[in-house]
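Worksheet: one structure, shown below.
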Amino acid sequence: MGRHSVLECDDSIKPYFEPVMALASRGQHVLTRREILKYITSDTGTRAREIQYLLNVAEIDDVRKALVKVQNSLKKERQTAEHAVETAKGAVNATIQEQNFQEDKVLQFVNQNRTVLGGQEISTPHFKELKTELTPPNQISKEKTVNVAIVERDIRNLQNVTLEQNQTEIREKDKELREVITTIRSDPRLLQALNRQQLTELGISMIDESGRCPLCDTPWPEGELREYLEQRLSASEKASQYKEVTLDFSTFIAGYVNNTLGSLQKIIETLQITGDEKESAELTLWFNELEKLSSALNEAIEKYPISDFDLDRVKRMLAPDNIVEHLNHIHAIVKGKSSQITPEQVAWDFLTRLEENLKALEQALNKLEISDMSYKRAVILLDSFEKARDSVLGTLYEGVKDRFVELYKALHGSDETGFTANIAPDGAALNFEVDFYGRGTHSPHALHSEGHQDSMGLCLYLALSDRLAEGLIDLVILDDVVMSVDVGHRRDLCRVLASSFPNRQFLITTHDKTWANQLKSEGVIGQQGVVEFYNWNIDTGPQVSYQVDLWERIEEDVQRNDVSSAAARLRRGLEQYFGMVCDTLQVPVRYKLNGQLDLGDFTIPLMNKYRELVKKARKSAISWNNTELQMEFDEIDSIRKEVYTRTYAEQWALNANVHYNNWINFSENDFRPVAEAFQDLCGLFMCTHCGGMLSVATTGTKSVGIRCNCGRVNWNLTGKSNTA
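Written as structure tokens, this is what we have:
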């Protein structure tokens, strides 16, 4: 037992054992009450994991999770790259002292400074061309110097944000932005529309010359796919409007934030050159706060506002208390430590700084292009994988659903003739909805009783097991799964197990003796297949009783000359058995308010009903001119008469001396023929092939036939032209 998890067998038979062991390790052959709850009442995500594990397709969700992780990682990289671009543009704006990035304004600033240096104007503001054919000023030094003119521009840039007019406008835009974002987040449909819009925009950007759909590779006529996707974008007008408004407000505020960051960074660098570490550290704290604000504005719908960023906090971040006095103090420090610089040197330093800004912007744009392409490919890959998964699992679940519906309808009979169900994957979840008496489909635990939920779980498990374990494990273990299945449906469950799974071996545990007897009477298990545990003790454990046939027990009592025990056993056994037969053959039994029915209450009505059914079946055969079948029923009726005569049961009403109450006074020789006669009487109501009880088949309220589980017994009670 030290290596209980290792399969040890001949190599030649390992290929046959290994798939069986794999199935067994996943528990595909065992169902307990706990598993029923996993399949039926759990949330959609848990249900998907449990069923996919049972189906041995759990690795599919592992792959999906990996792809989602890759997509999220690349999305963050793209967002970081987008933020880097906006920050780089802010640095450019800070240098040229413009609120918004415009290439023509950058070019104008470049050419103004080139003119000061005696250079020609250029047509493109590329960082490599800013100093083309320019001669550096003579005062240029290899050591780092402070250009007070540039510092003054950065200080003016920071002071400009603090102006009351700008602060009022920023506060109003911030308030409106928060209101729009609150509206979006409170409407799940609007959020979903925005997500779909993002995917549609992504699809448009990925269309190539072939015209194929970049998501599913379906071919489209030239130009039609782009037109179709653009129409979808137009249709989501409300989502587009909200997205546009959000972008306008967030971009406006981010413009001030990024401009402030650009100038603030240069002032911090200047203070580090002059050695003013205290002032530099204070500005660095301000810089870090603004970085957080800029990052949140870059993904406003998802991240803005940060929980502790109220309206006043945002205002203080852009214009801290006493910032004007602080900046004036820094100006004085820097001015006192800088030397006189010529206009040419100022122009050269401007171009040097802008050259650095534009180089950083170009690098950020290149990284954004790469990260954007990677993210788009990850989105397409995940979407294609999920579509393929949904297609494959959808087909699998559709087959399982059909089998589930078939089993559930068989279990609940005429009560659920219109029953339907929907089982479909939805992302990482598995939606499972069932019909409620023609009033739409709902979650199983929304309207159905606990008993119906249990029967659903059992039918779903059997449908899954039927599909997976066929030919590998023909054993199904049902561990106390009928605890809350309605009593009225337990016999039907026996029939479903017997008729729908004739080649399966069932190991069933239950506390319900009535259901155990029903399992025997319906032929699901034989008399030798019952083991009863009783008198459980914490020290010694339970005692075990291997149940044997009723008639064997009676014979043992008779051989011990214990006729009274044999008679009592026969009476109790017949009351139980005939009660079940009366149920399956729909025998009208005398009603008693106290419910205490005895053997006589069952036997006479049952024998009369059986006589009537044989007569009706024979009459039907005659009406159809089926002579062979007529002769068969003649033989059945002859046997019936002989058995009835030997039981003396029909004489109970006339002669009390042969009433079953007197059995206990019989001798062994008197009692044995009675027991044998009733054993033969019991045999009349059973199929000799499958051992199951005979039952009435109905159409509406009309009895149309007599059947057994295996179909060997199949009496027609309907005569030709309804003459029967």
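Counting from 1, position 398 in the sequence shown corresponds to residue 649 in my numbering; the numbering is continuous, with no gaps. No residue lacks a Cβ here, since even glycine has one placed at the ideal position from N, Cα and C.
Considering residue i, what are the terminal residues of the alpha helix (DSSP H) in which it resides?
i    : result
S946 : First-last for S946: S946 to T950, but that is the beta strand (DSSP E), not the alpha helix (DSSP H).
L932 : E919 to L935
L609 : P594 to H663
F538 : E528 to N549
W766 : K764 to S772
D852 : L850 to S874
R436 : E415 to R436
V894 : T878 to T898
L698 : P695 to L698
R690 : First-last for R690: undefined, no H or E at that position.
V838 : Segment: none, V838 is in no alpha helix (DSSP H) and carries neither H nor E.
L381 : Careful: L381 lies outside any alpha helix (DSSP H) and carries neither H nor E.
Q810 : L801 to Q810
D563 : L562 to L569
V733 : Per DSSP, V733 belongs to no alpha helix (DSSP H) and is neither H nor E.
E576 : I574 to K588
Can you grab the Cα-Cα spacing for the pair residue i / residue j, in whole Å?
i    : j    : result
W599 : P387 : 7 angstroms
G777 : D261 : 34 angstroms
V964 : Y828 : 19 angstroms
A444 : R436 : 12 angstroms
M831 : R718 : 33 angstroms
N364 : T593 : 13 angstroms
D731 : C938 : 28 angstroms
E863 : L825 : 21 angstroms
V947 : C745 : 15 angstroms
D725 : S700 : 31 angstroms
K870 : Q881 : 8 angstroms
T761 : R440 : 48 angstroms
V321 : A551 : 22 angstroms
V775 : L821 : 23 angstroms
S531 : K566 : 22 angstroms
N549 : Q330 : 8 angstroms
Y659 : T949 : 18 angstroms
Q448 : C464 : 16 angstroms
H377 : E478 : 36 angstroms
T646 : R640 : 10 angstroms
For residue i, does the three-state DSSP call read helix, strand or coil?
i    : result
T791 : coil
K843 : coil
E783 : strand
E976 : As displayed, the chain neither begins before 252 nor continues past 975, which places residue 976 out of reach and without an answer.
W471 : coil
E337 : helix
A714 : helix
V397 : coil
F226 : Outside the displayed span of the chain (252 to 975) sits residue 226, for which this structure offers no information.
I373 : coil
V367 : helix
S514 : helix
V685 : strand
N389 : coil
I458 : coil
What span of residues does the beta strand (DSSP E) with residue i cover, start to end?
i    : result
A730 : First, the residue type needs correcting, since residue 730 is Asp and not Ala in the sequence shown. Start and end: L726 to D730.
A957 : In the sequence as displayed, the identity of residue 957 is Ile instead of Ala. It spans K953 to R958 - the beta strand (DSSP E) in which I957 sits, taken as one unbroken run.
L758 : Q756 to T760
N965 : N965 to N967
Would you mind working out which of the options sits nearest residue i, comparing C-alpha positions?
i    : options                   : result
E684 : C464, R897, Y648 and T593 : Y648
P571 : T525, R654, N411 and L441 : N411
M568 : L544, H582 and I584       : L544
M457 : G669, G943, A948 and I631 : I631
I574 : L450, N408 and L442       : N408
E934 : T898, G664, I518 and S918 : Note that residue 934 is Gly in the sequence shown here, rather than Glu. With distances taken between Cα atoms, G934 lies closest to T898.
R404 : L850, E883, L515 and Y861 : L515
S954 : E530, T835, T434 and Q756 : T835
M624 : I401, I855, K326 and K426 : K326
V597 : N417, V367, E533 and F757 : V367
P753 : E542, F929, W471 and E773 : E773
Counting only beta-carbon separations shorter than 9 angstroms, does residue i have a partner in chain B?
i    : result
T386 : No chain B appears in this structure, which consists of one protein chain only.
Checklist entry - Can we say the stretch 811-818 touches the stretch 921-938, given the rule of at least three CB pairs closer than 8 angstroms? => result yes
Checklist entry - Should the stretch 327-339 be called in touch with the stretch 628-637, which here means at least 3 C-beta pairs below 8 angstroms? => result Look at the beta carbons and you see the stretch 327-339 not touching the stretch 628-637: under three pairs across the two are nearer than 8 angstroms.
Checklist entry - For the 8 angstroms Cβ check, are there 3 or more pairs between the stretch 600-612 and the stretch 309-325? => result no
Item to check | Three CB pairs or more closer than 8 angstroms across the stretch 930-948 and the stretch 956-963 | outcome: yes
Checklist entry - Counting Cβ pairs, one atom from each stretch, are 3 or more of them under 8 angstroms apart for the stretch 576-589 and the stretch 512-526? => result The stretch 576-589 makes contact with the stretch 512-526; the number of CB pairs closer than 8 angstroms reaches 3 or more.
Next on the checklist: Three or more C-beta pairs under 8 angstroms: does that hold for the stretch 426-434 against the stretch 491-501?
Outcome noted: yes
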